[in-house]
Amino acid sequence: MEHRLAFLARVIVVETAGRSDYAPTRAFYEARGYRAVATIPDFYAPGDDQVAYVKYLTNIAQR
Numbered sequence: 027m028e029h030r031l032a033f034l035a036r037v038i039v040v041e042t043a044g045r046s047d048y049a050p051t052r053a054f055y056e057a058r059g060y061r062a063v064a065t066i067p068d069f070y071a072p073g074d075d076q077v078a079y080v081k082y083l084t085n086i087a088q089r
């Protein structure tokens with residue numbers, strides 16, 4: 027899917043919660059090359075931050 031998206035977009039942005047029970051979700055994104063770029067404290071609720079991840083795509087047509 028990311029290979030196809032590379033022709034349409036430069037970056038994928040995903041957001042998830044910062045609570046400890048979301049650690050597997052964050053690990054999933056990190057293992058696939060996503061990088062945490064921002065944390066918004068108390069976004070969802072007190073003590074529940076939002077963590078934003080990005081992954082930059084390469085358009086193979088530009089190579």
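Under my numbering, the first residue of the sequence shown is numbered 27, with each subsequent residue one higher. We put the CB at the ideal spot given by N, CA and C, even for glycine.
Separation of V80 from A35, as counted between CA atoms: Here residue 35 refers to the residue found at position 9 when the sequence shown is read from its first residue. Here residue 80 refers to the residue found at position 54 when the sequence shown is read from its first residue. Spanning the two alpha carbons is a distance of roughly 12 Å.
Between the C-alpha atoms of T84 and A62, what's the straight-line distance to the nearest angstrom? For the purposes of this step, residue 84 is taken as the residue at position 58 of the sequence shown. For the purposes of this step, residue 62 is taken as the residue at position 36 of the sequence shown. Spanning the two alpha carbons is a distance of roughly 19 Å.
In the DSSP assignment, what residue or residues form a beta bridge with A78? Taking the sequence shown and counting its residues from 1, the one referred to as residue 78 is at position 52. DSSP lists E41, A64 as partners of A78.
Can you tell me whether DSSP reads A35 as helix, strand or coil? One-based indexing of the sequence shown puts residue 35 at position 9. Coil, per DSSP.
Under DSSP, the alpha helix (DSSP H) around Y55 begins and ends at which residues? As a first step, residue 55 is located in the sequence shown; it is residue number 29 there, counting from the start. Taken as a continuous stretch (DSSP letters only), the alpha helix (DSSP H) holding Y55 covers 49-57.
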